[in-house]
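Engineer:
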Amino acid sequence: EAARCDMLHEMLLTEAKLDELDKLDVEAAKTMTAGDLKVVSRRETMTLDEHQKTLNALKFWDLQAKTSKTGWLLGGLADGGPEGLSYVDLCVFWALRSHEEKLVACGCADLKAFLGKVRSLPGFKR
18 EAARCDMLHE MLLTEAKLDE LDKLDVEAAK TMTAGDLKVV SRRETMTLDE HQKTLNALKF
78 WDLQAKTSKT GWLLGGLADG GPEGLSYVDL CVFWALRSHE EKLVACGCAD LKAFLGKVRS
138 LPGFKR
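The numbering used here numbers the first residue of the sequence shown as 18 and each following residue consecutively.
And the structure:
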């Protein structure tokens with residue numbers, strides 16, 4: 018399970034990073050097509066502008082949330098491994114927590130639902 022978590026976390030730090038979400042122009046993003054990070058190579062990713070990289074990352078995380086039976090991101094791997102809450106869920110939540118409007122505008126309904134799931138965890142609210 019640790020290797021699966023580490024792999025997803027590595028994605029968050031590299032191809033699927035969400036660092037530039039603050040700068041994402043939602044109107045421009047609406048006219049762009051998100052690429053599939055499982056198909057786009059690291060070399061190709063390096064040639065993309067920051068808007069395209071961020072949009073591709075949003076698509077990746079939205080797909081992880083969508084394909085998960087449990088609603089947690091490990092479940093989106095669909096490889097038969099554990100599908101519970103992991104530190105990657107909390108890292109992705111933290112990166113997205115103040116960007117719900119952008120998620121909605123970019124069509125990432127499953128990521129928006131994911132944020133609600135994290136917020137509903139016991140002890141989350143102070």
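Ideal placement from N, C-alpha and C gives every residue a C-beta, glycine not left out.
Treat the numbers as computed from the prediction; the structure is a model and nothing was measured.
#1: How big is the Cα-Cα spacing for G97 and D39?
#2: Please determine, among L75, K55 and K142, the residue with the shortest C-alpha to C-alpha distance to E37.
#3: If K134 and G88 are in contact, beta carbons under 8 Å, what's the gap, nearest whole angstrom?
#4: Taking the continuous alpha helix (DSSP H) assigned at W111, which residues delimit it?
#5: Under the three-state reduction of DSSP, which class applies to C22: helix, strand or coil?
#6: Please confirm if the stretch 52-62 is in contact with the stretch 97-115, defined as three or more CB-CB distances below 8 Å between the two stretches.
#7: Alpha carbon to alpha carbon, what distance is there between A126 and N73?
#8: Out of K119, A122, R114 and V121, state which residue places its alpha-carbon closest to the alpha-carbon of F141.
#9: At the level of alpha carbons, what is the spacing between L65 and C123?
#10: Under a three-way DSSP split, which group does K129 fall into?
#11: I'd like the span of the alpha helix (DSSP H) that includes A122, first residue to last.
Structural biologist: In short, the structure shows the following:
#1: One-based indexing of the sequence shown puts residue 97 at position 80. One-based indexing of the sequence shown puts residue 39 at position 22. If you take the alpha carbons of G97 and D39, they lie about 35 Å apart.
#2: As a first step, residue 37 must be located in the sequence shown, where it is residue number 20. Answer by Cα proximity: L75.
#3: Taking the sequence shown and counting its residues from 1, one reaches residue 134 at position 117. Taking the sequence shown and counting its residues from 1, one reaches residue 88 at position 71. Yes, K134 and G88 are in contact; Cβ-Cβ is about 5 Å, under 8 Å.
#4: Taking the first residue of the sequence shown as 1, we reach residue 111 at position 94. Segment Y104 to L113, the alpha helix (DSSP H) holding W111.
#5: Along the sequence shown, read from residue 1 onward, the residue named residue 22 stands at position 5. Helix at C22.
#6: Between the stretch 52-62 and the stretch 97-115 there are fewer than three C-beta pairs closer than 8 Å, too few to call the two in contact.
#7: Counted from its first residue, the sequence shown places residue 73 at position 56. Counted from its first residue, the sequence shown places residue 126 at position 109. So the alpha carbons of these two residues sit roughly 15 Å apart.
#8: On the sequence shown, residue 141 is found 124 positions in, with the first residue counted as 1. That would be R114, whose Cα lies nearest to the Cα of F141.
#9: Position 48 of the sequence shown, counted from the first residue, corresponds to residue 65. Position 106 of the sequence shown, counted from the first residue, corresponds to residue 123. Distance between the alpha carbons of L65 and C123: 18 Å.
#10: On the sequence shown, position 112 is the one that residue 129 refers to. Residue state, collapsed to three classes: helix.
#11: Taking the first residue of the sequence shown as 1, we reach residue 122 at position 105. In this chain, the alpha helix (DSSP H) harbouring A122 covers E117 to A122.
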